[in-house]
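What follows is a single structure, written as structure tokens, with notes after it.
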Amino acid sequence: MDAAIPVGATSEALDDFDRRLLIGAAIGIGLVVAVSTPVHFLAPSLLHVPAAGRGGFGQRLGLDLISLTMTALCAAHSVRTFGRTATILFIIGSFVFTGAIENFLVLSGRFHLLPFGTYTFIYGGLLYFVEVPVAICLGWFTIAYSAFFVMHTVFRRINPLWSALLAGVFAMCLDLMEDPVMSSPAVNAWTWLQKPHSTLTLFSVPVYNYPGWLGVIALFELLWVKARGWEQQLGKPVATRRFFLGVPLVAAVYLGVVLGFEFFVRAHLPHVNLGFGGL
Amino acid sequence: MAAPTASGWRAWLDRIIRYAPVISLVLGWLTVIAAAATLHKPAIWWLTIFTLPVLGSTLYAGYRVHQGVDLRDPAVGREAGPGAASK
Chain A
1 MDAAIPVGAT SEALDDFDRR LLIGAAIGIG LVVAVSTPVH FLAPSLLHVP AAGRGGFGQR
61 LGLDLISLTM TALCAAHSVR TFGRTATILF IIGSFVFTGA IENFLVLSGR FHLLPFGTYT
121 FIYGGLLYFV EVPVAICLGW FTIAYSAFFV MHTVFRRINP LWSALLAGVF AMCLDLMEDP
181 VMSSPAVNAW TWLQKPHSTL TLFSVPVYNY PGWLGVIALF ELLWVKARGW EQQLGKPVAT
241 RRFFLGVPLV AAVYLGVVLG FEFFVRAHLP HVNLGFGGL
Chain B
280 MAAPTASGWR AWLDRIIRYA PVISLVLGWL TVIAAAATLH KPAIWWLTIF TLPVLGSTLY
340 AGYRVHQGVD LRDPAVGREA GPGAASK
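These protein sequence lines are chains A and B, in that order.
Each residue of the first sequence is one higher than the last, beginning at 1 in my numbering.
Each residue of the second sequence is one higher than the last, beginning at 280 in my numbering.
What follows is the structure, given as structure tokens:
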């Protein structure tokens, strides 16, 4: 079994293709952020922004700066390790992938497009990608990339596709503590909208959240690892086209599986909280 | 104290970038632990059990980076010497 990840150019200058890709993505994402941020803060009634989600300029600025700094450091690491094109695909892909999924879940729960509530972010930075803080999208990149790197470093001789799956397990393990803590009323970074005992919960968090974390990291990284192979075999343009066609497809599959899981849980499993000690 | 030279800053930045994934995960873990400490729920500390494999593998990866594992090499796992991953 080949354990090698195809390695992109790490030292050459940014070529035309990478430059166009980067500029196009920056303009696209920048426009969405430029429109949705004022809407979030100045017209909160338009998207039914919860009142608790406003305020705290210094805290918001700090969160954005920390997220941007960690993203820049991880991106620089990725350029050195996997090359420029792979890094650009990972950053843009993960931002759009997680942004689309999180926005779908937040807005569909908020506007009752699903028969159950989902979640909403209470604290965020100064910038919003529709209704998801940019800091969350960037944080998702740093966790996904770092998890992949750690798994690929620890299990160096396995196929990178397995590293992607293990990165999903890694992220789920982290979230088994993170979500109960960060969504608890005392911290309230985000809040789950399903009432207690309206679904099966684990440590007061809907149980679909945990396999959701595994799936969202693993599926995206499997696609990214495949794209690295396509780049070597078919060239950058074809690999990039396939990758960005795959992102919405994988996001749709992910949402279908996760929401199907929650429908199944609500219909067939007892609505209890699996926890202890007030968790 | 003498001011750091430009090359000194660059060396520090190189070092930080070399460990960036490890730093980001450890900072994330510490953030969760700090938030957990504000909850005053003793049971919350049992959940750290789930995160120990995360912390352990992250620190081990940091150790491997320190040893100079070079993931850029297609022959992954070849020892490339200290500092190779940051060059």
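Cβ coordinates follow ideal geometry from the N, Cα and C atoms, glycine included.
- The criterion of a C-beta distance shorter than 8 Å is satisfied by residue 32 (chain A) and residue 129 (chain A).
- Here residue 271 (chain A) is not near residue 296 (chain B), since their CB atoms are 8 Å or more apart.
- The alpha-carbon separation between residue 332 (chain B) and residue 253 (chain A) amounts to approximately 29 Å.
- Ranked by how close their Cα comes to the Cα of residue 70 (chain A), the residues A:118, A:139, A:102, A:95 have A:139 in first place.
- Per DSSP, residue 191 (chain A) lies in no alpha helix (DSSP H) segment; the continuous beta strand (DSSP E) that holds it begins and ends at 190-192.
- In the structure shown, residue 132 (chain A) adopts extended strand secondary structure according to DSSP, grouped into three states.
- The Cβ atoms of residue 239 (chain A) and residue 231 (chain A) lie closer than 8 Å to each other.
- Two segments are said to touch when three or more pairs of C-beta atoms, one from each, lie closer than 8 Å; by this definition the region 90-103 of chain A touches the region 130-137 of chain A.
- In the DSSP assignment, residue 205 (chain A) is bridged to A:202.
- Counting the other Cβ atoms within 10 Å of the Cβ of residue 349 (chain B) gives 16 or more, which makes it buried.
- For residue 71 (chain A), no beta strand (DSSP E) run applies; the uninterrupted alpha helix (DSSP H) run containing it begins and ends at 57-82, by DSSP.
- Looking only at A:260, A:235, A:216, the smallest Cα-Cα distance to residue 18 (chain A) is reached by A:235.
- For residue 74 (chain A), the C-beta contacts it makes with chain B under 7 Å involve 299, 300, 303, in order along the chain.
- Of the candidates B:317, B:299, B:288, the residue whose Cα lies closest to the Cα of residue 67 (chain A) is B:299.
- At least 8 Å separates the beta-carbon of residue 110 (chain A) from that of residue 40 (chain A).
- Inter-residue distance for residue 205 (chain A) and residue 122 (chain A) is about 16 Å (C-alpha atoms, whole angstroms).
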